[in-house]
Structures are given as structure tokens and as C-alpha cells.
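Report on one structure; see the data block that follows.
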Ligand code: MN
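Residue numbers (our numbering): 1032 to 1512.
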């Protein structure tokens, strides 16, 4: 487990102008609150809080987020109250912890992909603040890393949920490194045999081609040593899950998957990326048609790098990616890489404005979706909200406009349910039919056979669907014009 002092040190390294005192306070608070609790692994519960905070520091999140990481399970699992958190840590940190607690209360049951998509949207909507999602992702990462201590059926359920919900969410936030980690961890539980087989093959290839990779790396190092271009050289492996998907997609055995290994060159400026590319192409023969420039033309998910495949010194093919440090951070950490502190004191509004700009920018960048507009609407977390996500008792999600009522919900479920609706139970409480639903509500519609639509319903339904169904029914009977 990371030490308190080490965590603080790492945080201060990227936030020199921020007083880390609340971080120490949050650490001590979590240690005390979880004092007598243990994880399924037998470890002290604090190891979990510390691991979550450690990921958040690795992603360079701001002070409130890292504090919330330490405190994220206090409301759920200890007698700590909301008021206590608020008075000790202030509104912002308390809200983040509450946000995570709220997400934990949502149980994902459905196995259906379309439902998973709605769920992801709802998570984003319910979170209110994107930092809540980032804490939740750090929480899930550590839970996945310690999943081996749980029962088999729980492992399967949590791994499937991670694959369906959290890995795509990480992808959507541009956190590609995290996405890969979550997928590989899930893969090892959802397909244990395939995972083990592929892992053995990769390890074997790593040993076998490790030498080739090392010789290519050495050759490139030699070429670079004659220049003044600053450069780090990294060897890279594709994730197991992405190789597995590729094998499935292309119906190929592992032996025919070429780009499982490669080299990354990381430098300081865009100009130097092209300079490095020139050098590489001068000294090694590029494979025709392999060069792609994602710097001048970034991928829709904002990925930027130069890609080229060369013939290495041993005659083997080596894929090379060239990028700046900033592009590297962006592609590994995504949304989190853009979550930066302003140095020095700024007015709160300037700070907020910057965050909103950043959010808008991200929304523009997230165009690789089927319906970016719809996603944009659901990602307006920090802005304003105009959709609610409401559940059927069976766990299905209905997406409705803000202010939607149980009647809108009833018509979204089925026209007949709408027609015969006589009442609604929301979160186990009877409500009026003009009650405004909220995200996360579980709504059960009470119907009565033979009951029919009422004219006054038109006065409060919000969806076009419900309105037109009601109007149609009334018009057919001459009740309205
Ligand atoms: Mn947790």
C-alpha cells in the first residue's frame, strides 16, 4: 500500500501551488472511519481507499477529487454522515463523495447491449460532475484487481459489468490505458481459458521477439544518439483483449496477428515528431502504405500520433508510433489529462469557465459515436440537464425529457399501459400522475383494465409520444377536436 507521505508527495509534484493539508486530513479521516473493516482479501480497508487515491494521483486529478477518492466509501460503509463530511471537508468534496455513493446504489442487472448504452448515459447523467465518474472508475479498477478474493459467481457478474459499462465509459472519456486494463482484467474472468492461452502465447512471443525488439530499439537509439532531439523509447504490447477481438474479427490465429508488439518514440514538439519520422525512414526501410499521420489528421476520438511500420535490423516488421509527451498523456489518460489546476489564484468563475470550455471541447471531440448529439445531451453534466433516466421495476431504463411524469413513462413502456394507467409508485411511494420524475427513480405503473385516458392528462404530459397517443384516443371518441 502507498504511504500517506508518498501520496502527498506525488500530488504536490504536479500541483505545487495547492496546499495538500486536506489530503492528509482525508487520509486520516478514512483510516479512522474504516478502522475496523477489512476487504475480502483480508487487507485493511484503507488499502482500498489508498489505491483509489493513488490512481487518481497518477491521472493527475485535482485536490477535491483525490480527497473524494480517499473518502468515497465512508458514507456507504461507515456511520459517517453527509453533514460530517460537509463540515470537515466543505461542499465540493462532500458532493463528490455523495455522487459516488449515489452511483453505487444503482445496480446494473440487464445483459442487453442497448440497455448497457442507456446505463452508461445514465451514469454520466446521475454523476452530475464528471469527476464522480473518474473516482468511480478508479474504484472499479482496484475492485477488479482484487476480484480473485470473491466468489466465482460474483467475479463473473462484476467482470461482465466492467466490460459492458466501465471499459466503454473509460474509452468514451479517452482514458485508453485504463480501458485496456479494465478489459484485460475482465477478460481473465469472463473467458478464463482463452485468456490463459493467449497470455502464454504473448509471453512466448515476447521472449522470442524480445530480442528482435531490443535490437530494433538499440538500432534506433544509435540513430538518435547522433541528434539533439530529446526522445524516450518505449516498447509496447497490445492488450490481450484487443488482440483477442482482432483474432475474432479477422478470423485469424494469433500467429498471424502482426502488430502485437511495437515501439513508441516520445519527444517534445510536433516538429520533432516529424524530424524523428524522417530519421527513422532514412535509416530503416518503411513498409509501403503503412504510414499514417494522425497528427495532421487526428482520429475522431482525438488520438494523435504518427504511425509507421519499418523493416527492423533482423528483417522483422516493427510498428513505430511517434508522438509528443502531451499526446502520450492525452492518449493514456484522456479526460483526466485535461483536468488541470490553474496555477496561482483565480476567481472561481474563471476556473469554472475553463472547466466548461474543456467539457465543450471534449464533447466536440467525442464524435466517434452513433449519435453524438444524444450523447452531448446526456453529458451536459456540468451545464444543465434536460433528460432523466427512469427504471422499470425490471431494471430497464427509459430516457425521458426533464419534467417527464409517470404518464410519460407509462406511454414509453407501452401504449396500452398508458391508456389504462390509474396510478404510479415511485421508489415504493405512491405519487400523483403529474409528479416530476428524477434520474434513478424506479417507477411502477398501476393499471386498471377498462380504464381510459382523461382529457386533463394533456395538461401535464411532457413527451410528444404520450401527448399524441392521448390526443389520438380522445379524438377518435370525439372528446377533443
Ligand atoms: Mn470502493
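All residues carry an ideal CB built from backbone N, CA and C; glycine is no exception.
Supposed close pair residue i, residue j - CB separation, criterion 8 Å
| i | j | result |
| --- | --- | --- |
| residue 1113 | residue 1106 | 6 Å |
| residue 1317 | residue 1341 | 5 Å |
| residue 1448 | residue 1486 | Between residue 1486 and residue 1448 the Cβ distance is about 19 Å, and since that is not below 8 Å, they are no contact. |
| residue 1083 | residue 1173 | 6 Å |
| residue 1104 | residue 1080 | 7 Å |
| residue 1532 | residue 1471 | In this structure the chain extends from 1032 to 1512, so residue 1532 is not present and cannot be described. |
| residue 997 | residue 1464 | Look at the range of the chain in this structure, 1032 to 1512, and you will see that residue 997 is not part of it. |
| residue 1247 | residue 1346 | Contact doesn't hold; Cβ gap of about 11 Å is too wide. |
| residue 1288 | residue 1276 | Not a contact, Cβ separation roughly 11 Å. |
| residue 1497 | residue 1442 | 4 Å |
| residue 1163 | residue 1204 | Between residue 1204 and residue 1163 the Cβ distance is about 12 Å, and since that is not below 8 Å, they are no contact. |
Residue i - DSSP class collapsed to helix/strand/coil
| i | result |
| --- | --- |
| residue 1040 | helix |
| residue 1487 | helix |
| residue 1338 | strand |
| residue 1034 | coil |
| residue 1422 | strand |
| residue 1293 | strand |
| residue 1354 | strand |
| residue 1278 | helix |
| residue 1361 | helix |
| residue 1501 | helix |
| residue 1454 | strand |
| residue 1312 | helix |
| residue 1461 | strand |
| residue 1191 | helix |
| residue 1510 | coil |
| residue 1051 | coil |
| residue 1431 | strand |
| residue 1267 | strand |
| residue 1069 | strand |
| residue 1437 | helix |
| residue 1251 | helix |
| residue 1476 | strand |
Neighbourhood of residue i by C-beta, 6 Å cutoff - its chain only, sequence neighbours within 5 removed
| i | result |
| --- | --- |
| residue 1363 | 1208 |
| residue 1353 | 1296, 1304, 1307, 1308, 1337 |
| residue 1425 | none |
| residue 1335 | 1325, 1326, 1329, 1358 |
| residue 1043 | 1051 |
| residue 1132 | 1106, 1107 |
| residue 1242 | none |
Euclidean distance between Cα positions of residue i and residue j
| i | j | result |
| --- | --- | --- |
| residue 1232 | residue 1337 | 28 Å |
| residue 1215 | residue 1271 | 6 Å |
| residue 1431 | residue 1500 | 16 Å |
| residue 1376 | residue 1186 | Note that residue 1376 scores 36 on pLDDT, short of 50, meaning its location in the model is unreliable and no value can be drawn from it. |
| residue 1475 | residue 1507 | 28 Å |
| residue 1087 | residue 1072 | 22 Å |
| residue 1478 | residue 1468 | 18 Å |
| residue 1348 | residue 1224 | 29 Å |
| residue 1065 | residue 1116 | 14 Å |
| residue 1244 | residue 1160 | 43 Å |
| residue 1462 | residue 1230 | 54 Å |
| residue 1428 | residue 1236 | 45 Å |
| residue 1040 | residue 1129 | 27 Å |
| residue 1166 | residue 1061 | 15 Å |
| residue 1360 | residue 1312 | 25 Å |
| residue 1267 | residue 1351 | 10 Å |
| residue 1102 | residue 1059 | 10 Å |
| residue 1273 | residue 1285 | 12 Å |
| residue 1490 | residue 1505 | 14 Å |
| residue 1302 | residue 1253 | 21 Å |
| residue 1269 | residue 1183 | 28 Å |
| residue 1206 | residue 1126 | 23 Å |
| residue 1434 | residue 1446 | 20 Å |
| residue 1226 | residue 1090 | 28 Å |
| residue 1122 | residue 1339 | 49 Å |
Close-in-space but distant-in-sequence residues of the same chain around residue i (CB under 7 Å, 5 per side omitted)
| i | result |
| --- | --- |
| residue 1098 | 1053, 1054, 1057, 1120, 1124 |
| residue 1527 | Here the chain comprises residues numbered 1032 to 1512, so residue 1527 is not present and cannot be evaluated. |
| residue 1036 | none |
| residue 1194 | 1214, 1217, 1221 |
| residue 1197 | 1168, 1171, 1213 |
| residue 1210 | 1198, 1201, 1202 |
| residue 1488 | 1438, 1501 |
| residue 1460 | none |
Proximal residues to residue i (C-beta, below 8 Å), its chain only, five neighbours per side dropped
| i | result |
| --- | --- |
| residue 1176 | 1082, 1216 |
The region 1300 to 1310 touching the region 1252 to 1268, judged by at least three CB pairs closer than 8 Å: yes
Would the region 1219 to 1231 and the region 1182 to 1190 be scored as touching if the rule is three or more Cβ pairs under 8 Å? yes
Can at least three beta-carbon pairs, one atom from the region 1450 to 1467 and one from the region 1477 to 1495, be found at a separation below 8 Å? yes
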